[in-house]
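Peer 1:
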Amino acid sequence: MLSLKKFLRKKNYIRIPLVYTATNHFEVVAKINGIPGRFILDTGASNTCIGFDKIELFKLVSKESEIKAAGAGSSNMETMISTKNRIEIGKWSKKKQKIVLFDLTHVNEALTTHNALPVDGIIGADVLKRGKAVIDYKGCFLYLKLK
28 MLSLKKFLRK KNYIRIPLVY TATNHFEVVA KINGIPGRFI LDTGASNTCI GFDKIELFKL
88 VSKESEIKAA GAGSSNMETM ISTKNRIEIG KWSKKKQKIV LFDLTHVNEA LTTHNALPVD
148 GIIGADVLKR GKAVIDYKGC FLYLKLK
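Numbering (the numbering used here), first residue to last: 28 to 174.
1. Based on DSSP bridge pairs, tell me the residues matched to I126.
2. Which residue or residues does DSSP assign as beta-bridge partners of C175?
3. Roughly how many whole angstroms lie between the Cα atoms of V134 and P145?
4. Is it buried or exposed, N112, if we count other Cβ atoms within 10 angstroms and call 16 or more buried?
5. Straight-line CA distance for N142 to H52?
6. Residues in the same chain with beta-carbon distance under 7 angstroms from I149, minus the five sequence neighbours each way, listed in chain order, please.
7. Return the residue from the list G166, K86, R157 that minimises the CA-CA distance to K172.
8. Do the segment 41-49 and the segment 117-125 meet, that is, are 3 or more Cβ pairs less than 8 angstroms apart?
9. With respect to the alpha helix (DSSP H) encompassing L138, which residues constitute its N-terminal and C-terminal limits?
10. Apart from the five residues on each side of it in sequence, which residues of its chain come closer than 8 angstroms, Cβ to Cβ, to T50?
11. Determine the direct distance from the alpha carbon of L31 to that of L131, and round the result to whole angstroms.
12. Identify which residue in C167, E54, F85 has its Cα closest to the Cα of I114.
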């Protein structure tokens, strides 16, 4: 029987290492518009998100949004939207990535309270679905399908 790694490699997937944190989250390094950052991998987040304080860092062009964000102990939070972004995770990349922008202060405060480092954002289910993601929880790897 083939290992997961060999099976997915034959299906044109790439393997990206994940970091398992003290808060029981997986973190991944991703580039947004060519700028690297640290992101929580969150299958329960419907959208990929970045904090308002990182708009300039990642060269995001944002516009107002009617959408209210909820999650991680907060709800009804104001958001903005940034479209036409390039996202890269390992050798996998996509253009025209929509990113929801909101205040991630509460997320980073929770992380630092538990001796974890703050993050730049969250990689959500939208990216995982686009990449036909497979998560190897035991081995701490994310697999994304290339074209």
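Here a beta-carbon is modelled for each residue, glycine too, at the ideal position from N, C-alpha and C.
These numbers come from a predicted model, not from an experiment.
Peer 2: Quick look at the numbers:
1. For I126, the beta-bridge partners assigned by DSSP are S109.
2. Given that the chain is displayed from residue 28 to residue 174, the structure contains no residue 175 and the question cannot be resolved.
3. So the alpha carbons of these two residues sit roughly 8 angstroms apart.
4. Buried is the call here.
5. Note on geometry: alpha-carbon atoms of N142 and H52 lie some 13 angstroms from one another.
6. Excluding five sequence positions before and after I149, the CB atoms of its chain that fall closer than 7 angstroms to its own CB belong to F66, I67, D69, A72, T75, C76, given in chain order.
7. Closest option to K172, Cα to Cα, is R157.
8. Judged by Cβ distances under 8 angstroms, the segment 41-49 makes contact with the segment 117-125, as three or more pairs qualify.
9. Residues 132-140.
10. In its chain, beyond the 5 residues on either side, A137, L138, H141, A143 have a beta carbon closer than 8 angstroms to the beta carbon of T50.
11. Whole-angstrom Cα-Cα distance: 34 angstroms.
12. Of the candidates C167, E54, F85, the one whose C-alpha sits nearest the C-alpha of I114 is F85.
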